[in-house]
Each structure stands twice: as structure tokens, then as C-alpha cells.
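One structure below.
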Amino acid sequence: PETRRLAGAEFGTSLSAADREGTRRNMLGAAVLDAGRHPRVEMRSSAVSGSLPKVTAQTWITLRGVSREVQVPAAVSLDGPRLTATGEFEIEQSAFGIEPFTAALGALSVQDRVTIRFEIAADEVLAPGR
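In our numbering, the protein residues as written are 18 to 147.
Below is the structure:
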């Protein structure tokens with residue numbers, strides 16, 4: 018519910034379990050992510066620029082076997098042994114060979130541009146004897 022609220026007023030109503038399962042099936046199906054043939058979404062950063070707390074990661078994203086480079090801005094914070102990176106960026110599904118989902122003669126459709134929001138946390142783990 019919180020994620021739907023953050024997405025905007027048009028997403029304010031809750032979904033039934035059957036609706037959620039239908040959405041999941043459509044997203045993972047051959048027409049969208051094709052998870053049967055491409056079960057993983059990969060992100061690999063090759064360089065980071067900027068200075069803390071604001072950085073930009075030069076990142077390769079692979080969806081459906083198609084890789085594209087994306088600049089991913091992030092806010093990085095350190096709290097003791099924990100590093101946290103948060104941010105958001107946009108991609109276009111069509112850049113990865115995905116035709117945005119439509120149903121009911123276009124009455125239900127997904128935009129080509131998708132916003133990806135993230136929060137990644139990492140804890141320092143010392144090697145034995147350190």
C-alpha cells in the first residue's frame with residue numbers, strides 16, 4: 018500500500034490477490050520481462066564519479082538479454098560500519114526491447130518510461146583475525 022501511495026493518486030486503491038498475481042504473471046511473461054528465458058536482471062557499475070554524499074555510478078543494466086548503460090545518481094551515507102546508497106533513475110522499456118504492456122484495447126497501459134527507486138545497504142564485515 019505504501020508503494021502504491023507514493024506512485025500517485027491513480028494507484029491509491031488496493032489490489033486483490035488475484036489482481037496482484039495477474040500483474041506479476043504479465044510482468045514476468047514472454048511479452049514483458051520474459052523471465053522464463055531471462056530469469057535475472059543484472060546491474061553492474063563500472064565507475065563512480067562525484068564526491069560524497071552525492072555520486073553518480075556509470076552502470077550497465079541487462080534486461081531480457083539486452084544491456085544498456087545508464088547514469089545512476091545516488092546519495093551515500095555512512096553510519097558506523099553501515100554504508101547506505103539511495104536514489105532513483107529512469108529507463109525506457111523500449112530501449113531493452115520491451116513493448117510496454119497494454120490490455121483492454123489500451124484502456125490499461127504501462128508507460129514506456131519507468132522510474133526505478135532503490136535503497137542498498139552494506140555492512141562492513143571484518144575478516145577473521147582483523
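The beta carbon of each residue, even a glycine, is placed where N, CA and C say it ideally should be. Since we're looking at a predicted model, the values are computed, not measured.
Local Cβ density within 10 Å of residue i, reported as buried at 16 or more and exposed below that
{"i": "L80", "result": "buried"}
{"i": "A91", "result": "buried"}
{"i": "L50", "result": "buried"}
{"i": "V89", "result": "buried"}
Beta-carbon spacing of residue i, residue j below 8 Å
{"i": "F118", "j": "S111", "result": "no"}
{"i": "S62", "j": "A74", "result": "yes"}
{"i": "T132", "j": "E109", "result": "no"}
{"i": "M60", "j": "T76", "result": "yes"}
{"i": "V72", "j": "I78", "result": "no"}
Cα-Cα separation between residue i and residue j, rounded to whole angstroms
{"i": "F113", "j": "P145", "result": "43 Å"}
{"i": "S94", "j": "S68", "result": "11 Å"}
{"i": "F135", "j": "G46", "result": "24 Å"}
{"i": "L100", "j": "S66", "result": "17 Å"}
{"i": "L143", "j": "G97", "result": "13 Å"}
Contact belief for residue i with residue j at Cβ below 8 Å, rounded distance in angstroms
{"i": "R130", "j": "E116", "result": "The pair is not a contact, with the Cβ atoms about 14 Å apart (cut-off 8 Å)."}
**Report entry** Completely contained beta strand (DSSP E) runs for the stretch 27–73, where each covers 3 or more residues
**Finding:** Taken in chain order, the complete beta strand (DSSP E) segments of 3 residues or longer contained in the stretch 27–73 are 59–68.
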